Amino acid sequence: MKKELISEYKQITEKIINNDKFQKTKEDLHHGSNKYEHLIRVSKCSFILGKIFKANIESVTKAALLHDFFFGSRKTKKENSYLNHPKTAAKNAKTYFNINKLEEDAIKSHMYHHVIIKKVLPFINRNEKAKVKDYKPNSKEGWIVCISDLIISIVETIRFELTYIVKLSFLIIISAISLRHFN
Ligand SMILES: [Fe+2]
Ligand SMILES: [Fe+2]
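And the structure:
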């Protein structure tokens, strides 16, 4: 990124990133890394897409940075589930960072990709019901946050799986060599 873009990104995000509550997201696992890193990646992706598609850059970056701003994993509490956590994150973002309506709506609709995937593959997350229209983004900023989250989640998941496969293969090879050595 160019120097001016880096400083603009910093100016928008600095206050949130340095906040103690936001720092707590470092404690939560998310797509194989911690939630803090996921939020930073999605906000950078949204910032760049926001520039390309001429969105409200402050709102799209803030909404992306706070889109998963909930505490704990998606499996521990009902309000953190796959389809409830956008509301929880929006509520927390409002409480701690006084976000506006555009940012709130963008956070609430960021799981639209999951709702669409559920329609195509109904066996995914069968316990939760969702109507497509309830999750559809209603602004350019909302679409950007949703698409950035999808892109980054896919990259993080592939990276995590690949690391796991490489580590497992390494262990198998070492075990096989050790067994051969001792037999
Ligand atoms: Fe999410
Ligand atoms: Fe996310």
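1 is the number of the first residue of the sequence shown in our numbering; add one for each residue after it. In this text, a Cβ means the ideal position worked out from N, Cα and C, and glycines have one as well. Note that this is a predicted model, so its numbers are computed, not measured.
Quiz item: Relative to the alpha-carbon of Ile33, which residue among Ser169, Val155, Ile172 and Leu179 has its alpha-carbon at the smallest distance?
Solution: Just to set this straight, residue 33 is Ser in the shown sequence, not Ile. Looking at the Cα atoms, Val155 is the closest of the given residues.
Exercise. Would you check whether ligand 1 has a heavy atom nearer than 7 Å to the C-beta of Met1?
Key: no
Exercise. Report all residues for which the CB-ligand distance to some heavy atom of ligand 2 is below 5 Å; order them along the chain.
Key: Asp68 and Asp149
Quiz item: First and last residue of the alpha helix (DSSP H) that includes His38?
Solution: Lys35 to Ile52
Exercise. May I ask you to check if the CB of His85 is nearer than 7 Å to at least one heavy atom of ligand 1?
Key: yes
Quiz item: Beta-carbon separation of Pro137 and Met111 under 8 Å?
Solution: no
Quiz prompt | For Ile57, the first and last residue of its enclosing alpha helix (DSSP H) | solution = Ile57 to Leu66
Self-check item: Pairwise C-alpha distance: Lys51 and Glu8
Solution: 11 Å
Exercise. Give a single yes or no on whether His113 has its beta carbon closer than 7 Å to a heavy atom of ligand 1.
Key: no
Quiz prompt | Those runs of the alpha helix (DSSP H) which lie wholly inside the region 65-137 and span at least 4 residues | solution = 85-97, 101-108, 112-120 and 132-135
Quiz item: Given that a residue counts as buried once 16 or more other Cβ atoms are within 10 Å of its Cβ, and exposed if not, what is Ile172?
Solution: exposed
Self-check item: Segment limits, alpha helix (DSSP H) that includes Leu28
Solution: Correcting the residue type first, residue 28 is Asp in the shown sequence and not Leu. Where Asp28 is concerned, there is no enclosing alpha helix (DSSP H), given that its DSSP letter is neither H nor E.
Exercise. Give every residue of the same chain whose Cβ lies closer than 7 Å to the Cβ of Ala89, excluding the five residues on either side of it in the sequence, and list them in chain order.
Key: Leu66, His67, Asp68, Phe69, Phe70 and Ile107
Quiz item: Hey, Lys21 and Asp28: beta-carbon distance below 8 Å or not?
Solution: no
Self-check item: Three-way DSSP call (helix, strand, coil) for Lys21 in this model
Solution: helix
Quiz item: Cβ-heavy atom distance between His181 and ligand 1 below 7 Å?
Solution: no
Practice problem: Tell me whether Asn18 is buried or exposed, calling it buried when 16 or more other Cβ atoms sit within 10 Å of its Cβ. | Solution: exposed
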